[in-house]
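Number of protein chains: 2
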Amino acid sequence: MHVGTGAAADVPVVALDAMGGDRAPAEIVAGALAAVEQLDVEVLLAGPPEVLARHLPGGEPPPRIRLLPASEVVAMDDEPAGAIRAKKDSSLVRCAEAVRDGHAQAMVGAGNTGATMAAALLRMGRIRGVQRPAIAVPVPVPGGDRRSLLLDVGATVDPEPEWLVQWALLGREFAKIRLGIAEPTVGLLSNGEEAGKGDDLRKRASALLGETKGFVGNVEGRDLLRATTDVVVTDGFTGNVALKTLEGALLGLSGLVFSVVDEPGAEWAASAEALKLRLLGAAAPLLPDNTGGAILLGVNGICVISHGSSSAAAIVNAVRVARESVTAGTVARLAEAVAGAG
Amino acid sequence: MHVGTGAAADVPVVALDAMGGDRAPAEIVAGALAAVEQLDVEVLLAGPPEVLARHLPGGEPPPRIRLLPASEVVAMDDEPAGAIRAKKDSSLVRCAEAVRDGHAQAMVGAGNTGATMAAALLRMGRIRGVQRPAIAVPVPVPGGDRRSLLLDVGATVDPEPEWLVQWALLGREFAKIRLGIAEPTVGLLSNGEEAGKGDDLRKRASALLGETKGFVGNVEGRDLLRATTDVVVTDGFTGNVALKTLEGALLGLSGLVFSVVDEPGAEWAASAEALKLRLLGAAAPLLPDNTGGAILLGVNGICVISHGSSSAAAIVNAVRVARESVTAGTVARLAEAVAGAG
Numbered sequence: 074m075h076v077g078t079g080a081a082a083d084v085p086v087v088a089l090d091a092m093g094g095d096r097a098p099a100e101i102v103a104g105a106l107a108a109v110e111q112l113d114v115e116v117l118l119a120g121p122p123e124v125l126a127r128h129l130p131g132g133e134p135p136p137r138i139r140l141l142p143a144s145e146v147v148a149m150d151d152e153p154a155g156a157i158r159a160k161k162d163s164s165l166v167r168c169a170e171a172v173r174d175g176h177a178q179a180m181v182g183a184g185n186t187g188a189t190m191a192a193a194l195l196r197m198g199r200i201r202g203v204q205r206p207a208i209a210v211p212v213p214v215p216g217g218d219r220r221s222l223l224l225d226v227g228a229t230v231d232p233e234p235e236w237l238v239q240w241a242l243l244g245r246e247f248a249k250i251r252l253g254i255a256e257p258t259v260g261l262l263s264n265g266e267e268a269g270k271g272d273d274l275r276k277r278a279s280a281l282l283g284e285t286k287g288f289v290g291n292v293e294g295r296d297l298l299r300a301t302t303d304v305v306v307t308d309g310f311t312g313n314v315a316l317k318t319l320e321g322a323l324l325g326l327s328g329l330v331f332s333v334v335d336e337p338g339a340e341w342a343a344s345a346e347a348l349k350l351r352l353l354g355a356a357a358p359l360l361p362d363n364t365g366g367a368i369l370l371g372v373n374g375i376c377v378i379s380h381g382s383s384s385a386a387a388i389v390n391a392v393r394v395a396r397e398s399v400t401a402g403t404v405a406r407l408a409e410a411v412a413g414a415g
Numbered sequence: 074m075h076v077g078t079g080a081a082a083d084v085p086v087v088a089l090d091a092m093g094g095d096r097a098p099a100e101i102v103a104g105a106l107a108a109v110e111q112l113d114v115e116v117l118l119a120g121p122p123e124v125l126a127r128h129l130p131g132g133e134p135p136p137r138i139r140l141l142p143a144s145e146v147v148a149m150d151d152e153p154a155g156a157i158r159a160k161k162d163s164s165l166v167r168c169a170e171a172v173r174d175g176h177a178q179a180m181v182g183a184g185n186t187g188a189t190m191a192a193a194l195l196r197m198g199r200i201r202g203v204q205r206p207a208i209a210v211p212v213p214v215p216g217g218d219r220r221s222l223l224l225d226v227g228a229t230v231d232p233e234p235e236w237l238v239q240w241a242l243l244g245r246e247f248a249k250i251r252l253g254i255a256e257p258t259v260g261l262l263s264n265g266e267e268a269g270k271g272d273d274l275r276k277r278a279s280a281l282l283g284e285t286k287g288f289v290g291n292v293e294g295r296d297l298l299r300a301t302t303d304v305v306v307t308d309g310f311t312g313n314v315a316l317k318t319l320e321g322a323l324l325g326l327s328g329l330v331f332s333v334v335d336e337p338g339a340e341w342a343a344s345a346e347a348l349k350l351r352l353l354g355a356a357a358p359l360l361p362d363n364t365g366g367a368i369l370l371g372v373n374g375i376c377v378i379s380h381g382s383s384s385a386a387a388i389v390n391a392v393r394v395a396r397e398s399v400t401a402g403t404v405a406r407l408a409e410a411v412a413g414a415g
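Residue numbers (the working numbering), protein chains in the order written: chain L, 74 to 415; chain Y, 74 to 415.
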């Protein structure tokens, strides 16, 4: 990582795709404005300048925000690889190129996840020795302050068993940085705790993972919200289903609880508003807006993927994670973790 | 199905493994006693007679319960196929044989799921044309009265795409019976709603499912608790992870809600007990004890699998499902559904 001589050069620069996400560009630009207020960071804001200007106070970027002009936009439903090939002047591709070319040390996107991944992979390349990247996401324990890191949640749906071993190494190293755990434990998501459980992929991966530091064996779906291990490794298909199942459960069950709290004429009716506020506060750490987003591990740069419905607050959290990943020297540490095991 | 000439012969007979489950035999026997009180059913209670006698009033089975003597017990952690081979006089194997030999029309077990499946498969055989069985479980919508039927949740972890098509047919026919839906819709659990999404298995299955009646395309993990389709088809590995993720989320989030309700000195403290009772009532339909258990579809008989920690109430619900599956002529209807599509 380049470290300049002046103070300004030491401030991490994060390239932010202003056009990605269901609420782009308004919420993304608002997030950028808040991020440079709250964090010691510079933001390269990528998008069509005339569009961005409409969302900036006075039509001009404030200090520590610079515009990264891009004439095209990758849509949420664009086919990922095709979009990256076709839209070379898109805000998303320009963000990945800014990291590749050293104008930024990290990128953040809340748009098309597949395209964000493809842009990062194609423009930054992979860390030496890594076969395929994986998306890692922190899963918070309800009511607790622990979290586990689940990967892959969607980058690579048909992995070889060896790739799961690399993801265990990457996830373990990143858990040290992101979760602040000295020696993270690693579990393999399976359909039973016993060593023999699993489909063909799990059985082959389990045999290989035996030699991975911190590996403790199989974990089950019900362990995901309990953080029985610090890292949970799985293929991108299963991880995506599990993560979205958790999201759906949070939504469905909170709806049920609120309908009970709101029952007309209930004994607790006078306290219903206070109770709802308190419940929302208790559930806040579980909401995607507050988890800081996912990270693409295995590419040769920092790429933070915020969820599609990101608010300005979600963007601030994602920029914070990107910034902290830069200052921790994450890419070099991940490269070392993979090289050391090879 | 044999139908006798007297009224007694028309009462469905359910073989119940009294020795299977974390709370066996006490809760299972209690469940049998309650079942024959509440339902128009006979129970063949399988286990060592001297053990069962200790849990029966006066040491004798009451009317409509008969003992099915068995000297061995399959343990929760026994290797499934090996246990069935080795323990030929186990209560579990005797239940499956009772169905095979026509002494019962259905079996219910709350023990080792793999062994229950193996016993049913090896003793009853498969429905003609079915390649592999699948375990189907109803997933309730929180606060709603709808449910979806998820399969497979653990019988077959490495299916061929063609088997998923058979499970769609079996699941759809069983949803008509169990959920009372005239024309059930079917979704394929995947990592995105778009048709192109999925791993290799999903892409191949999706192409084949196009011709299956009721198939509407991909669904995601977050759809599981919303019943966006009546039937959700997946492989046994992913289904098991998703189901246990749901269970873990229910447990983790209810713990969080109760800790808020129980906060000392809270504005709602005086109503905390009433509120908790009401919340428990609202969540009751979601608890495994109350869903009636899973069913093994594709074997040539009715095999209901109740969860490992089944209470007496769970056993009554499982016996009810077994009984209703018998009276609906489920096996014949499933056979017809598969044959009709072949």
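Glycine is no exception: its CB is placed at the ideal position from the N, C-alpha and C atoms.
Chain Y residues whose Cβ lies nearer than 7 angstroms to that of residue i
i                     : result
residue 333 (chain L) : 351, 352 and 355
residue 273 (chain L) : 231
Under 8 angstroms by beta carbon: chain Y residues contacting residue i
i                     : result
residue 337 (chain L) : Going along chain Y, no residue has its Cβ under 8 angstroms from residue 337 (chain L), so there is no contact; the nearest lies around 13 angstroms.
residue 299 (chain L) : 321 and 325
residue 294 (chain L) : 313, 314, 315, 316, 317, 318, 319, 320 and 321
Listed by chain order, chain L residues near residue i by CB distance under 7 angstroms
i                     : result
residue 340 (chain Y) : 344 and 347
Any chain Y beta carbon closer than 7 angstroms to residue i
i                     : result
residue 79 (chain L)  : Because residue 79 (chain L) carries a pLDDT of 38, less than 50, the predicted location of this residue cannot be relied on, and no value is offered for it.
residue 189 (chain L) : no
residue 305 (chain L) : no
residue 147 (chain L) : no
residue 165 (chain L) : no
residue 231 (chain L) : yes
Cross-chain neighbours of residue i in chain L, by beta carbon under 8 angstroms
i                     : result
residue 288 (chain Y) : Neighbours of residue 288 (chain Y) on chain L: none; closest Cβ ~18 angstroms, over 8 angstroms.
residue 328 (chain Y) : 215 and 216
Cβ-based burial, residue i [other Cβ within 10 Å; buried from 16]
i                     : result
residue 239 (chain Y) : buried
residue 303 (chain L) : buried
residue 158 (chain Y) : exposed
residue 308 (chain L) : buried
residue 256 (chain L) : exposed
residue 317 (chain Y) : buried
residue 80 (chain L)  : Note that residue 80 (chain L) scores a pLDDT of 40, beneath 50, so its modelled location is shaky; the value from the coordinates is reported in the next line. It counts as exposed.
residue 160 (chain Y) : buried
residue 244 (chain Y) : buried
Residue i beta carbon near the ligand COA (any heavy atom closer than 6 angstroms)
i                     : result
residue 128 (chain L) : Judged by which ligands are present, the structure shown has none, so any question about the ligand COA falls away.
Beta carbon proximity, residue i to chain L, threshold 7 angstroms
i                     : result
residue 76 (chain Y)  : A caution first: residue 76 (chain Y) carries a pLDDT of 38, below 50, which makes its placement in the model unreliable, though a value can still be read off. Chain L contact via Cβ: absent.
residue 216 (chain Y) : yes
residue 113 (chain Y) : no
Beta-carbon contacts of residue i that lie in its chain and below 8 angstroms, excluding the five residues immediately before and after
i                     : result
residue 342 (chain L) : 336
residue 396 (chain L) : 85, 87, 112, 113, 114 and 179
residue 139 (chain L) : 115, 116, 117 and 118
residue 381 (chain Y) : 94, 95, 149, 183, 184 and 186
residue 105 (chain Y) : 89, 91, 116, 118, 138, 388 and 392
residue 293 (chain L) : 262, 263, 264, 265 and 266
Nonlocal neighbours in the same chain, by C-beta distance under 6 angstroms from residue i, ignoring five residues either side
i                     : result
residue 183 (chain Y) : 93, 94, 379 and 383
residue 368 (chain L) : 209 and 377
Per-residue contacts from residue i into chain Y (C-beta, under 9 angstroms)
i                     : result
residue 227 (chain L) : 264 and 265
residue 247 (chain L) : Residues of chain Y passing the Cβ test: none, with the nearest at roughly 22 angstroms.
Cut-off 7 angstroms between Cβ atoms - residues of its own chain near residue i, not counting five sequence neighbours on either side
i                     : result
residue 195 (chain Y) : 157
residue 312 (chain Y) : 223, 224, 225, 226 and 227
residue 393 (chain Y) : 112 and 365
residue 108 (chain Y) : 114, 116, 388, 389 and 392
residue 169 (chain Y) : 180, 192, 193, 196 and 197
residue 165 (chain L) : 90, 93, 147, 182, 184, 188, 189 and 192
Exercise for the section: Inspect the CB distances between the region 137-153 of chain Y and the region 362-374 of chain Y and report whether three or more fall short of 8 angstroms. Expected result: no
Exercise for the section: Would you check if the region 213-227 of chain L and the region 400-409 of chain L touch, i.e. whether three or more CB-CB distances between them fall below 8 angstroms? Expected result: no
Problem - Meets three-Cβ-pair contact criterion under 8 angstroms: the region 316-336 of chain L and the region 351-358 of chain L - result: yes
Handout entry: Any 3 or more C-beta pairs closer than 8 angstroms across the region 262-269 of chain Y and the region 284-304 of chain L
Key = no
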